[in-house]
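Participant: My questions all concern the structure below.
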Amino acid sequence: MSVSPPELETSLPSTTANEEVVDVSGPSEEYVPAAKPSQRRGRRKWPLVLLLAGVVIATVAGYWTWNRMVAPAKVQSIQLFTVSRRSFPVLLRERGELKAAKSIDIRSELEGRSTIISLIPEGTLAKKGDLLVELASDEIVEKIRDAEIREATARAAYEAAAKELEILQDENASNIRRAELDLRLAELALEKYREGEAVELRQDATLGKEKADYVFRRTRDTLTDSEELHKQGFLTRIELDNDRFAHYEAGLNVKKADLADEVIEKYTIPMALQEKESDVTEAQKELERTRKAAAASEAKATADLAGKKSELELVQEKLAKYRDQKEKSRIFAPSDGLVVYARSQSWFRSETLIEKGTEVHERQSLIELPDTSSMKAVIQVHEAQMERLKLGLPATVEIEGFSGRRFNGTVSQIAVLADSQNRYLNPNLKQYETEILLEGEFTELKPGLTARVEILVAQLTNVLAVPVQTVFAKAGRYYVFVQRAGQPQPIQVEPGMSSNEFVEIRKGLEPDDRVYLAVSDEMKLLLPDENTDERHRQPDH
Numbered sequence: 047m048s049v050s051p052p053e054l055e056t057s058l059p060s061t062t063a064n065e066e067v068v069d070v071s072g073p074s075e076e077y078v079p080a081a082k083p084s085q086r087r088g089r090r091k092w093p094l095v096l097l098l099a100g101v102v103i104a105t106v107a108g109y110w111t112w113n114r115m116v117a118p119a120k121v122q123s124i125q126l127f128t129v130s131r132r133s134f135p136v137l138l139r140e141r142g143e144l145k146a147a148k149s150i151d152i153r154s155e156l157e158g159r160s161t162i163i164s165l166i167p168e169g170t171l172a173k174k175g176d177l178l179v180e181l182a183s184d185e186i187v188e189k190i191r192d193a194e195i196r197e198a199t200a201r202a203a204y205e206a207a208a209k210e211l212e213i214l215q216d217e218n219a220s221n222i223r224r225a226e227l228d229l230r231l232a233e234l235a236l237e238k239y240r241e242g243e244a245v246e247l248r249q250d251a252t253l254g255k256e257k258a259d260y261v262f263r264r265t266r267d268t269l270t271d272s273e274e275l276h277k278q279g280f281l282t283r284i285e286l287d288n289d290r291f292a293h294y295e296a297g298l299n300v301k302k303a304d305l306a307d308e309v310i311e312k313y314t315i316p317m318a319l320q321e322k323e324s325d326v327t328e329a330q331k332e333l334e335r336t337r338k339a340a341a342a343s344e345a346k347a348t349a350d351l352a353g354k355k356s357e358l359e360l361v362q363e364k365l366a367k368y369r370d371q372k373e374k375s376r377i378f379a380p381s382d383g384l385v386v387y388a389r390s391q392s393w394f395r396s397e398t399l400i401e402k403g404t405e406v407h408e409r410q411s412l413i414e415l416p417d418t419s420s421m422k423a424v425i426q427v428h429e430a431q432m433e434r435l436k437l438g439l440p441a442t443v444e445i446e447g448f449s450g451r452r453f454n455g456t457v458s459q460i461a462v463l464a465d466s467q468n469r470y471l472n473p474n475l476k477q478y479e480t481e482i483l484l485e486g487e488f489t490e491l492k493p494g495l496t497a498r499v500e501i502l503v504a505q506l507t508n509v510l511a512v513p514v515q516t517v518f519a520k521a522g523r524y525y526v527f528v529q530r531a532g533q534p535q536p537i538q539v540e541p542g543m544s545s546n547e548f549v550e551i552r553k554g555l556e557p558d559d560r561v562y563l564a565v566s567d568e569m570k571l572l573l574p575d576e577n578t579d580e581r582h583r584q585p586d587h
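Residues 47 to 587, numbered by this note's numbering, are exactly what the sequence shown covers, in order.
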């Protein structure tokens with residue numbers, strides 16, 4: 047990454063040890079008045095004295111002007127650095143804060159707002175299972191009691207609805223079985239009549255007709271014989287009339303039997319069959335109505351039972367929730383750790399948020415339990431340096447209060463978004479939070495200590511380099527002052543990566559070039575402006 051203009055423009059050097067000190071004071075002359083042989087002779091020499099004084103003043107002024115314009119160049123000419131190839135590390139140095147690599151954020155999980163009634167002292171080394179915070183739970187206890195009453199009522203209603211559904215299902219099953227039986231009986235009655243009674247009626251009618259016909263034929267034959275016998279005088283008139291009446295009656299019986307057979311075939315059997323078939327149809331419809339009524343009543347009872355069950359489950363959920371809230375009013379340590387109270391961070395102060403009697407809200411941070419066996423340094427890196435930064439870069443960390451000890455680490459996390467914590471001080475400042483994970487386990491380090499971090503961004507090898515203070519930026523370009531024919535000349539260069547001491551020069555300089563370490567304001571006037579042509583640029587090598 048190239049060196050940023052602010053870094054180059056503000057890195058002007060102080061006078062170095064090998065700087066030559068030049069005496070810029072002018073020549074001094076002491077005026078000794080001559081003897082006065084006479085008043086007239088003194089008046090003659092006075093114009094000559096004034097002339098000599100003017101010459102001296104002009105000489106001193108010229109020397110002073112020359113000293114301002116030329117002498118600095120001579121002074122600076124000895125503050126030169128010979129360009130050469132060298133190897134050096136590129137380090138990113140920042141100050142930050144030590145934090146635990148693993149930390150548990152203890153938050154209030156009670157709904158709404160609650161008051162702290164018990165609090166473990168800050169700085170305590172808590173063990174797993176220790177009581178950390180106890181929140182007021184009087185309202186929750188009242189809610190639990192109300193929910194228990196509602197739960198008992200809802201349970202009784204649910205059980206009653208379940209019993210009613212069970213009874214209804216039994217009644218419906220009985221009604222359906224009865225309707226199915228009625229249908230079966232109607233079908234059997236129809237079958238009985240069609241296959242039995244109707245056949246029997248037809249047979250009786252046929253037998254009656256045959257019997258009447260037989261009697262009719264017999265009485266006819268008897269009447270014929272009786273008439274012959276009456277003619278012969280063997281039968282009386284009365285006996286003949288009796289045979290005639292018997293024959294007549296037999297004829298009537300034949301007609302009666304025919305009529306009875308016709309009535310049975312046209313009316314009796316069809317009417318009975320239709321009645322039996324209607325009974326079957328009605329039984330079928332009754333069975334269907336019974337089944338539908340059973341289904342509807344069971345659906346209603348089932349829905350009522352489901353509603354009672356939902357009410358019970360809702361009350362049970364609330365009761366379980368209240369009981370869970372009651373348990374969460376006492377917060378225990380999930381693991382071992384150092385107790386650190388939650389604080390509000392702002393651009394001007396850090397304030398403790400909790401103490402006994404403080405009212406807290408849901409999801410508010412109460413305590414942080416850092417695991418101090420694994421630590422990290424957290425720094426803020428300016429956006430101009432982000433291109434250099436990569437995960438896994440090695441780093442060394444010095445901790446305030448642990449002089450002489452350097453801890454090794456690696457860049458473990460780089461924020462994706464800029465931290466806006468300092469936006470009130472400088473809205474244009476964009477810094478990215480970066481974490482350096484320290485290697486090893488620690489017992490003596492504590493969160494909050496100041497950490498000085500050095501990240502090894504790169505190790506440059508055999509590159510052309512010059513001191514940082516020799517590079518100047520103007521109008522988006524970078525220059526160094528190179529000695530040409532004993533005079534300073536600004537040369538445009540392309541800088542590469544830099545450390546706190548040296549800047550890599552990728553283009554513009556050659557080995558053994560001599561650059562100025564210190565530059566006067568008059569020399570800076572030689573830097574070209576934006577409209578200056580390219581004559582000060584060094585050709586690409």
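Cβ atoms here follow ideal geometry from the backbone N, Cα and C, with glycine treated the same way.
#1: Residue range of the alpha helix (DSSP H) that alanine 342 falls in?
#2: Determine the direct distance from the alpha carbon of leucine 305 to that of serine 272, and round the result to whole angstroms.
#3: Between the alpha carbons of glycine 522 and isoleucine 537, how many angstroms are there, rounded?
#4: Tell me which same chain residues have a C-beta within less than 7 angstroms of the C-beta of proline 79, skipping the five on either side of it?
#5: Less than 8 angstroms separating the beta-carbons of histidine 407 and serine 164?
#6: Determine the extent of the beta strand (DSSP E) in which leucine 502 is found, giving its start and end residues.
#7: Below 6 angstroms CB to CB, which residues in the same chain sit around arginine 46 once its five sequence neighbours on both sides are set aside?
#8: Report buried or exposed for isoleucine 413, applying the criterion of at least 16 other Cβ atoms within 10 angstroms of its Cβ.
#9: DSSP beta-bridge partners for histidine 407?
#10: Excluding five sequence neighbours on each side, which residues of the same chain lie with their C-beta closer than 6 angstroms to the C-beta of alanine 235?
#11: Applying the criterion that 16 or more other CB atoms from any shown protein chain within 10 Å of the CB defines a buried residue, is phenylalanine 291 buried or exposed?
#12: With a cut-off of 8 angstroms, do at least 3 Cβ pairs link the region 468-487 to the region 414-428?
#13: Can you tell me whether leucine 177 is buried or exposed, with buried defined as 16 or more other CB within 10 angstroms of its CB?
#14: Return the residue from the list Glu401, Ala341, Leu475 and Thr496 that minimises the CA-CA distance to glutamate 446.
#15: Would you grab the beta carbon distance between proline 440 and leucine 502 for me? Rounded to a whole angstrom, and I think it's under 8 angstroms.
#16: Alpha carbon to alpha carbon, how far is arginine 240 from isoleucine 310? Give it in angstroms, no decimals.
#17: Flag this pair as yes or no: are the beta carbons of leucine 435 and valine 457 separated by less than 8 angstroms?
#18: According to DSSP, is isoleucine 284 part of a helix, a strand, or is it coil?
#19: DSSP on isoleucine 222, reduced to helix/strand/coil?
#20: Note down the Cα distance separating lysine 148 from lysine 364, rounded to an integer number of angstroms.
#21: Assuming isoleucine 190 contacts arginine 369 under a Cβ cut-off of 8 angstroms, what Cβ separation, rounded to an integer in Å, is found between them?
#22: Beta strand (DSSP E) containing valine 549: first to last residue?
#23: Compute the Euclidean distance between the alpha carbons of leucine 275 and lysine 302, then round it to the nearest angstrom.
#24: Starting from the C-beta of leucine 571, find all residues in its chain whose C-beta is less than 7 angstroms away, skip the five residues before and the five after it, and write them out in chain order.
#25: Using DSSP with H/G/I as helix, E/B as strand and the rest coil, what is alanine 519?
#26: Taking its Cβ as the centre, do 16 or more other Cβ atoms sit within 10 Å of glutamate 550, making it buried, or is it exposed?
#27: State the Cα-Cα distance for the pair leucine 156 and lysine 374, rounded to the nearest angstrom.
#28: For glutamine 330 and leucine 229, what's the separation of their Cα atoms in angstroms?
#29: Would you say the region 378-391 touches the region 167-174, given that touching needs at least three Cβ pairs under 8 angstroms?
#30: Following the continuous alpha helix (DSSP H) through glutamate 180, name the residue where it begins and the one where it ends.
#31: From proline 135 to glutamate 568, what distance separates their C-alpha atoms?
#32: Thinking C-alpha only, which one of Met543, Tyr524 and Arg560 is nearest aspartate 575?
Facilitator: The answer reads as follows:
#1: 315-374
#2: 30 angstroms
#3: 14 angstroms
#4: Bear in mind that a pLDDT of 34 at proline 79, under 50, signals an unreliable position, so the number given afterwards is only what the model happens to contain. Result list for proline 79: empty, nothing under 7 angstroms.
#5: no
#6: 496-513
#7: In the structure as shown, the chain starts at 47 and stops at 587, and residue 46 therefore has no counterpart that could be examined.
#8: buried
#9: Arg159
#10: Lys322
#11: exposed
#12: yes
#13: exposed
#14: Thr496
#15: 5 angstroms
#16: 13 angstroms
#17: yes
#18: helix
#19: helix
#20: 35 angstroms
#21: 6 angstroms
#22: In this chain, the beta strand (DSSP E) harbouring valine 549 covers 548-553.
#23: 30 angstroms
#24: none
#25: strand
#26: buried
#27: 7 angstroms
#28: Glutamine 330 and leucine 229: Cα-Cα distance of roughly 6 angstroms.
#29: yes
#30: Not the alpha helix (DSSP H): glutamate 180 falls in the beta strand (DSSP E), residues 177-181.
#31: 34 angstroms
#32: From the listed residues Met543, Tyr524 and Arg560, the smallest Cα separation to aspartate 575 is found for Tyr524.
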